[in-house]
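Quick note on numbering: the sequence shown equals residues 6 to 607 in the working numbering.
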Amino acid sequence: MNATPPTESLAPGASFCLGVEASASGRRWRERTADERTLRAIAQKLDLPEIVARLLAARGLDAESAPAFLDPRLRDALPDPAHLKDMEKAAARLADAVERGEGIAIFGDYDVDGATSAALIHRYLAQLGAPPAVYVPDRMKEGYGPNAPALLALGERGAKVVVTVDCGILAHAPIAAAAAAGLHVIVVDHHAAEPALPPAYAAINPNRLDETSPLKTLAAVGVAFLLLVALNRELRRRGRFGNGGEPELMDLLDLVALGTVCDVVPLTGLNRVLVAQGLKVMARRGNAGIAALAEVARIAEPLGAFHSGFMLGPRVNACGRVGESALGWRLLATDDPAEARTLAARLDGYNRERQAIEAEVLAQALAQAQLQAAAGRPVVTVAGRDWHPGVVGIVASRVVERVGRPACVVGVANGLGKGSGRSIAGADLGAAVIAARQAGLLVNGGGHKMAAGFTVAEDRIDAFADFVAERLAPAVAAAGGVPPLTIDATLAADGATRELLAHFERLAPFGVGNAEPRLALSAARIGFVDPVGEQHLRVAIPLERGGRLKAIAFRAVGQPLGAALVAHRGGALHLAGHLRADRWNGRDDVQFVIDDAAPVRG
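Dropping the structure here:
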């Protein structure tokens with residue numbers, strides 16, 4: 006059974022949590038509701054505190070389904086890969102190539118999902134004595150996805166089979182050229198497809214329009230893992246492992262977890278199980294590349310979803326954004342600790358460069374976006390001369406956070422714009438971009454519900470912006486503008502303990518579809534407020550029992566949240582945020598990550 010929470014409930018008519026109608030971020034606070042009878046049954050059957058049972062019930066779980074959610078097991082959730090169209094055909098062709106000693110190549114992508122997918126397949130095939138060639142296009146020179154010259158070059162280097170990962174489902178012309186040259190192309194993708202598929206030997210994608218698979222939210226690395234499960238089974242059927250030597254697929258789940266978390270797909274169903282089991286593998290730091298990344302990121306504690314998404318992933322992404330596209334997969338595929346440390350150091354350097362470029366572009370993009378949002382535009386589209394195309398995606402994410410609506414960010418050079426967009430729940434940006442391409446407004450483009458990428462002629466940017474805004478206006482209006490901040494539970498600051506965090510950690514991994522529990526600390530006293538670096542604030546919250554709760558507000562300097570915290574030194578605020586472990590020098594403590602604040606009324 007898939008332990009997938011079916012719904013998370015908010016009562017539309019519920020009163021504002023702690024009476025907060027306008028917080029520092031301008032949001033209403035609403036407390037998530039739960040059926041009282043259900044939460045009592047969960048608490049009694051599983052011997053859980055009421056606050057934890059409430060979290061489970063609010064996620065749509067009951068006393069029967071909660072145990073599987075708390076203990077996600079792959080054997081319960083892993084489907085037969087053969088249910089995906091073209092899966093058996095692809096597995097058989099790869100098995101033939103392995104047995105015949107034919108050349109196999111991987112055409113990758115430069116983000117974390119693409120890098121982990123390429124490293125995953127490379128590691129598996131290398132264990133069989135059939136290491137594939139890997140090609141990742143240069144983001145600046147070649148852009149996203151397969152191109153004919155690169156595919157044909159792989160064929161000239163001896164490849165008979167090319168597996169595209171995290172790309173390819175819209176690459177009709179390049180794949181046609183490869184097929185005409187005798188290459189068998191296997192597409193492994195998860196992006197939105199069109200009715201007509203490219204002329205590939207096989208196209209595995211849970212988002213094919215003719216696909217009935219329920220696994221629509223898998224990241225590409227999840228699809229790649231299912232392909233390896235199918236290939237492993239096919240090779241076993243053929244007697245390949247009669248004398249041993251069968252690769253241990255479970256040992257590769259750390260890569261699946263990293264790619265899944267970083268692609269920001271819902272952590273429900275199979276995704277949740279893959280990440281939960283993969284994080285156990287990651288904690289062992291057996292992958293030399295992941296271990297080296299953790300070292301340069303100065304992560305001493307066990308690696309989790311937070312570290313993957315916010316510390317490891319950005320460094321892998323950085324090579325594709327501002328550096329060398331192939332570094333990510335190379336780091337994750339190497340078994341040489343010395344090489345891994347060298348590559349990780351280079352990625353860390355690229356990440357610092359990316360951060361500087363991002364800050365400059367973000368300031369310019371926000372200036373445009375806030376004007377458009379103030380004018381009521383449902384989708385903001387901003388553009389700038391020579392904005393680095395490697396950071397437009399992450400800048401788009403930041404813009405969405407600030408303006409609460411979909412955003413497209415375009416870097417223009419030589420008459421052509423390279424753009425990336427991010428959306429909000431309920432507004433399918435990928436479909437809108439595909440429709441714009443079909444309408445002749447884009448050179449190319451595609452994506453999925455929450456993210457998209459595209460290339461547009463400079464003189465068509467305004468027409469594209471109008472098209473997307475008109476198409477998504479109803480969905481954005483239905484979303485109701487800036488959504489309320491969802492609060493899972495309210496408590497005094499003294500209740501924010503390590504014991505409570507230990508209970509919360511049983512609900513991990515957290516991400517889209519399984520949000521980290523957000524608490525409201527009622528009338529928390531504000532002690533000192535000190536800057537950390539240039540953007541963050543460290544806060545001390547004195548406790549009634551003595552001592553203090555450590556807290557931090559990320560990217561709060563110069564923002565309304567930071568101003569509220571500084572203004573209330575020595576006073577009190579309602580605080581919204583999350584509990585996090587604070588492990589340092591052998592100490593196991595807890596800290597509160599502040600998302601929002603509101604004045605105490607009355």
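Even glycine gets a Cβ: it sits at the ideal position worked out from N, Cα and C.
- With the rule of 3 Cβ pairs closer than 8 Å, the segment 450-459 does not count as touching the segment 356-376.
- Spanning the alpha carbons of histidine 453 and aspartate 433 requires a straight line of approximately 7 Å.
- Take isoleucine 47, set aside five residues on each side of it, and the residues of its chain with a beta-carbon closer than 8 Å to its own are Leu53, Ala58, Leu61, Ala62, Leu66, Asp67, Ala68, Ala71, in chain order.
- Counting only residues of its own chain and dropping the five nearest sequence neighbours on each side, alanine 388 has a CB closer than 7 Å to the CB of Val415, Val417, Gly422, Ile466.
- Looking only at Val327, Gly451, Asp493, Trp34, the smallest Cα-Cα distance to aspartate 194 is reached by Gly451.
- Segment contact: the segment 146-156 against the segment 404-412, fewer than three CB-CB distances shorter than 8 Å; contact not assigned.
- If you draw a straight line from the Cα of aspartate 587 to the Cα of glycine 309, it is about 13 Å long.
- Apart from sequence neighbours up to five positions away, the residues of its chain that approach isoleucine 599 with a beta-carbon distance below 6 Å are Ala556, Ala558, Leu580, Gly582, ordered along the chain.
- Bounds of the alpha helix (DSSP H) holding threonine 347 are 342-379.
- Close CB contacts of valine 438 within its chain, under the 6 Å cut and outside five residues either way in sequence, are with Gly450, Gly452, Ala457, Phe459 (chain order).
- DSSP places proline 536 in the strand class (E or B) of the three-state scheme.
- According to the DSSP secondary-structure assignment, glutamate 36 is paired through a beta bridge with Ile492.
- For the pair asparagine 248 and arginine 241, the Cα-to-Cα distance works out to about 11 Å.
- Taking the CA atoms as reference points, isoleucine 531 sits about 16 Å from serine 28.
- Listed in chain order, the non-local C-beta contacts of alanine 577 below 8 Å within the same chain comprise Ala528, Ala529, Arg530, Ile531, Val605, local neighbours out to five positions each way being set aside.
- Cβ contact annotation for alanine 176 (same chain, cutoff 6 Å, sequence separation greater than five): Gly150, Pro151, Pro203, in chain order.
- A contact between stretches requires three or more CB pairs, one per stretch, nearer than 8 Å, and the segment 467-475 fails this requirement with the segment 163-182.
- In this structure, phenylalanine 74 lies away from leucine 272, with their beta-carbon atoms at least 8 Å apart.
- In this structure, proline 565 sits away from serine 218, with a CB-CB distance that is not shorter than 8 Å.
- In the DSSP assignment, asparagine 276 falls outside any beta strand (DSSP E) and within the unbroken alpha helix (DSSP H) covering 274-288.
- When Val517, Gln373, Asp114 are compared, the shortest CA-CA separation from glycine 314 is found for Val517.
- DSSP lists no bridge partner for isoleucine 531.
- Fewer than three Cβ pairs drawn from the segment 130-141 and the segment 209-216 lie within less than 8 Å of each other, which leaves the two stretches out of contact.
- With respect to the 8 Å criterion, alanine 380 and valine 400 are not classified as neighbours on the basis of their beta carbons.
- Counting along the chain, no beta strand (DSSP E) covers tryptophan 392, and no H or E run does either.
- Restricting attention to beta strand (DSSP E) runs no shorter than 3 residues, the segment 385-429 encloses them at 385-390, 412-418, 421-427, ordered along the chain.
- By the C-beta criterion, the segment 80-100 is judged to be in contact with the segment 264-283, since at least 3 inter-stretch pairs fall below 8 Å.
- Contact holds between the segment 329-346 and the segment 112-126, because three or more Cβ pairs, one in each stretch, are under 8 Å apart.
- Contact check for leucine 99 against leucine 236 passes: the beta carbons are separated by less than 8 Å.
- For proline 77, the CB contacts under 7 Å within the same chain, skipping 5 residues up- and downstream, are Ala8, Arg277, Val278, Ala281 in chain order.
- For isoleucine 599, the beta-bridge partners assigned by DSSP are Gly582.
- Inside the segment 65-127, DSSP marks whole alpha helix (DSSP H) runs of 4 or more residues at positions 71-75, 79-82, 92-105, from first to last along the chain.
- By the beta-carbon neighbour count (other beta carbons within 10 angstroms, threshold 16), proline 179 is buried.
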